[in-house]
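Here is the structure we will look at.
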Amino acid sequence: DLLVVGSANADLVIGVERRPAAGETVLGSDLAVHPGGKGGNQAVAAARLGARTALLARVGDDDYGRLLLDSQRAAGVDTVGVLVGGAPTGVALITVDPSGDNSIVVSPGANGRLAPGDVRAAASLFHASRVVSTQLEIPLETVVEVVRSLAPDSRFVLNPSPPRPLPQEVLTACDPLIVNEHEAKVILGDSLVGERPEDWARVLLAKGPRSVVVTLGAEGALVASAAGGVVRVPSVKVDAVDTTGAGDAFTAALAWRLGTGESLADAAAYAARVGAAAVTKAGAQESYPTAAEAEDLGAG
Ligand code: ADP
């Protein structure tokens with residue numbers, strides 16, 4: 005089973021011709037409200053593919069919190085680990101331009117109150133999980149507690165988003181660490197400048213994770229491990245409509261397939277199909293494919 009520990013947000017989305025610069029106001033479309041947050045997205049993406057998935061998260065005792073719980077349950081996610089109260093439900097303010105690129109501001113709200121004690125209280129979920137997938141929209145000390153709570157034979161997958169420096173204990177546990185270009189740059193800092201993505205993957209691997217995946221948007225992804233070296237995973241060619249949540253779908257698919265015993269390269273190839281499918285539709289969770297839709301993609 006897959007356990008996702010992470011954020012659940014209400015995504016408030018406005019379409020714009022051009023994303024605003026500092027000090028600028030632009031007019032946009034009518035507001036749309038969607039269930040989101042990297043944890044919530046990953047859990048729904050995995051469940052939609054057919055993975056047995058549980059979510060450990062915190063939402064507010066408010067309408068957005070109920071919307072998020074409903075959408076998780078509708079997708080088939082086990083929500084016994086979704087805690088209620090402590091702060092308003094997290095919110096993301098998202099603008100999307102015609103090319104599908106987005107800008108996002110997040111109010112963590114209840115996500116910021118998901119505490120190490122909440123992780124310790126969820127021991128039974130950890131024992132039932134082959135793979136635990138986490139992101140950084142929850143407190144870092146909670147992520148550290150996740151690493152300490154892993155069952156001996158379970159695997160830890162981390163997408164460090166939004167990126168920040170990671171304690172060695174967390175880096176070392178990652179199998180894989182999954183980063184896009186922006187996250188790689190923040191984690192590597194200046195040592196990255198002028199180097200190719202293959203080099204980022206190698207330098208990241210040298211920092212201690214058991215494996216690394218670098219996602220490259222329409223260019224696909226790279227997987228890196230000490231045993232397998234650096235391998236390129238091709239993308240599936242699609243017309244991008246909205247890239248919101250593509251990385252979350254990719255990570256969820258990868259985590260699930262690793263839990264079924266697939267190799268990192270095979271799991272990443274599958275995840276690339278799922279990520280590509282996710283960019284062909286608007287929204288995050290609404291854009292996630294079923295297993296059949298992921299298989300069909302690009303076949304015709
Ligand atoms: P993030 O959303 O975290 O920035 P990416 O944009 O790298 O992550 O997307 C994650 C994965 O989704 C990519 O590695 C790729 O497999 C797939 N993907 C994203 N954008 C596209 C695209 N335009 N065409 C095809 N696949 C894509």
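Okay, so the sequence shown: first residue is 5 according to the UniProt record's numbering, each after it adds one.
The beta carbon of each residue, even a glycine, is placed where N, CA and C say it ideally should be.
Hey, would you say the C-beta of residue i is under 8 Å away from at least one heavy atom of the ligand ADP?
| i | result |
| --- | --- |
| K241 | yes |
| T247 | yes |
| T219 | yes |
| H38 | no |
| A188 | no |
| G94 | no |
| A25 | no |
| V136 | no |
| D252 | yes |
| V283 | yes |
| V227 | no |
| S128 | no |
| S107 | no |
Under 8 Å Cβ to Cβ from residue i, same chain only, skipping five residues before and after it: list those, please.
| i | result |
| --- | --- |
| L35 | L16, V17, I18 |
| R22 | V30, D101 |
| E141 | G10, S11, N13, G41, K42, G43, G94, V110, P112, N115, S165, P166 |
| D66 | P92, T93 |
Out of the options, point me to the one whose CA is closest to residue i's CA.
| i | options | result |
| --- | --- | --- |
| S291 | G40, T57, V63 | G40 |
| A55 | E149, A222, A188, S133 | S133 |
| I108 | A96, D101, R117 | A96 |
| T247 | G279, W260, A269 | G279 |
| P167 | L144, V151, E297, V20 | L144 |
| Q289 | S195, G121, G265, S75 | S75 |
| L7 | A276, D300, V48, G64 | V48 |
| D203 | G233, A177, P180 | G233 |
| A244 | V135, P102, A114 | P102 |
| A25 | L262, T99, L209 | T99 |
| A12 | G249, E187, G121, V135 | G249 |
| V190 | K241, G251, P164 | P164 |
| P171 | R277, A230, V151, D157 | V151 |
| V242 | A222, W260, A231 | A222 |
| A286 | G32, R117, H38 | H38 |
| P169 | D157, A230, A188 | A188 |
| L209 | E199, P180, S128 | P180 |
| P120 | T146, V240, F160, V135 | T146 |
| residue 361 | F160, E185, N184 | With the chain covering 5 to 304 only, the question about residue 361 has no answer from this structure. |
For residue i versus residue j, is the C-beta spacing smaller than 9 Å?
| i | j | result |
| --- | --- | --- |
| A228 | Q46 | no |
| G85 | L59 | yes |
| T138 | V9 | yes |
| T57 | D105 | no |
| L258 | V216 | no |
| V90 | A61 | According to the sequence shown, residue 90 is Gly rather than Val. Taking 9 Å as the Cβ cut-off, G90 and A61 do not qualify as a contacting pair. |
| A253 | P293 | yes |
| C178 | R214 | yes |
| L262 | T284 | no |
For residue i, which residues of its own chain have a beta-carbon under 7 Å away from its beta-carbon, when the five flanking residues on both sides are left out?
| i | result |
| --- | --- |
| K211 | L175 |
| G304 | Low confidence applies here, because G304 scores a pLDDT of 44, under 50, leaving its location unreliable and the question unanswered by this model. |
| R236 | G224, L226 |
| A272 | V217, A225, V227, V237, L258 |
| D194 | none |
| L73 | V63, T83, V86 |
| V240 | A276, R277, A280, L301, G302 |
| L71 | A14, P39 |
Residues in the same chain with beta-carbon distance under 6 Å from residue i, minus the five sequence neighbours each way, listed in chain order, please.
| i | result |
| --- | --- |
| G80 | A51 |
| A275 | F254, A257, L258 |
| F130 | S153, A155 |
| I182 | N163, V217, T255 |
Based on DSSP bridge pairs, tell me the residues matched to residue i.
| i | result |
| --- | --- |
| N106 | V100 |
| T57 | L6 |
| G121 | In DSSP, G121 forms no bridge with anything. |
| T138 | V9, L162 |
| D15 | H38, A96 |
| D82 | A58 |
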